[in-house]
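One structure is given here, and the rest of the page talks about it.
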Amino acid sequence: MQDLSQDGNWFKLVADIRTSQQNQTWFNSVADAYNRTRPTYPQTIVDRAVELAKLPDDATILEIGCGPGTVTTAFGELGFRMVCIEPSESACKLARQNCAQYPNVEIIAVCAYISYNSSNKKTILLFVL
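If you're matching positions, the sequence shown starts at 960 in the working numbering and goes up one per residue.
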């Protein structure tokens, strides 16, 4: 196994090993287990985030990579409008189920492609499905 800890180009090496499509497929396979076992965020942390961001009551939050909606539900509980995008079909389905009681939360399935140029700058393309 290659030691990536000393290589200044470690991010590119890892990116070459795992493509975004492989990562998306992998998360699809574990989304249900993640949803069942991932602890929720304490409401005090969510409340503090709202306070620090000085979010008005009518704020709209964009969540990129919402997974099964673990933190989404906490913000939904506070009544915020949310637009959440998720590349994993399985996680997207779970997020829709978990957030069904929050009419201001919209879960959008996207297809994400990540590429890297020669200077390790990441380019992310999102396509709404």
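We put the beta carbon where it would ideally sit given N, CA and C, even for glycine.
query, result
"Euclidean distance between Cα positions of F1039 and S988", "30 Å"
"Member of L1021, C1051, Q1060 and S1047 whose CA lies at the smallest distance from the CA of F986", "S1047"
"DSSP three-state assignment for V1030, whether helix, strand or coil", "coil"
"Reduced DSSP category for C1051 - H, G, I as helix; E, B as strand; rest coil", "helix"
"Sheet register partners of L1021 (DSSP bridge)", "V1042"
"First and last residue of the uninterrupted alpha helix (DSSP H) at A1012", "Q1002 to A1012"
"Identity of the residue in I1004, D1016, A990 and P998 nearest N1063 by Cα", "D1016"
"Sub-8 Å separation of A1050 and A990 beta-carbons", "yes"
"Separation of Q1060 from M960, as counted between CA atoms", "Residue confidence is low: M960 scores 49 on pLDDT, short of 50, so the model does not pin down where it sits. No coordinate-derived value is stated."
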